[in-house]
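Novice: Below you will find the structure I want to go over with you.
In the working numbering, the protein residues as written are 5 to 104.
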């Protein structure tokens, strides 16, 4: 099981809710949240490449992410953004628990 699958399984068990990977949240766009707790409209986005000039921090990638996150927010989603290193931490789980 890779780290991404591990988070969905771990968080689901710990939080007592279903955490879904790669959830398509928009009807017409191909946008997906890395993870979602669908019935609570909580999304978890993993922002990779922040220290190596990855897509999420370059101009066009940053703008596309902002458009996606703003649209998600307009649709009622609460979006948590974490780095890959923060994903499997008590800090992230605690933040999700607060939103639940």
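The C-beta atom is built at its ideal place from N, Cα and C for all residues, glycine as well.
1) Label residue 78 either buried or exposed according to how many other C-beta atoms from any shown protein chain fall within 10 Å of its C-beta, with 16 as the threshold for buried.
2) Start and end of the alpha helix (DSSP H) containing residue 42?
3) Taking the alpha-carbon positions, what's the residue 51 to residue 44 distance?
4) Quick one: using the 10 Å Cβ neighbour count with 16 as the cut-off for buried, is residue 49 buried or exposed?
5) Would you mind reading off the limits of the beta strand (DSSP E) that contains residue 26?
6) Look at the alpha carbon of residue 95 and the alpha carbon of residue 22, and state the distance between them as a whole number of angstroms.
7) Return the bridge partner residues of residue 85 from the DSSP annotation.
8) Starting from residue 96 and walking both ways along the alpha helix (DSSP H), at which residues does that stretch end?
Specialist: In short:
1) Position 74 of the chain shown holds residue 78. Result: exposed.
2) Taking the chain shown and counting its residues from 1, one reaches residue 42 at position 38. Premise fails: residue 42 is in no alpha helix (DSSP H) and is neither H nor E.
3) Here residue 51 corresponds to residue number 47 of the chain shown, with the count starting at 1. Here residue 44 corresponds to residue number 40 of the chain shown, with the count starting at 1. Distance between the alpha carbons of residue 51 and residue 44: 21 Å.
4) The residue labelled residue 49 in the question sits at position 45 within the chain shown. It counts as buried.
5) Looking up residue 26 in the chain shown gives position 22. Element bounds for residue 26: 24-28.
6) Numbered from 1 along the chain shown, position 91 holds the residue referred to as residue 95. Numbered from 1 along the chain shown, position 18 holds the residue referred to as residue 22. C-alpha separation (whole angstroms): 19 Å.
7) Position 81 of the chain shown, counted from the start, is the residue given in the question as residue 85. Looking at the DSSP assignment, residue 85 forms a beta bridge with 49.
8) The count along the chain shown starts at 1 and reaches residue 96 at position 92. Judged by DSSP secondary structure, residue 96 falls within the alpha helix (DSSP H) whose first and last residues are 94-103.
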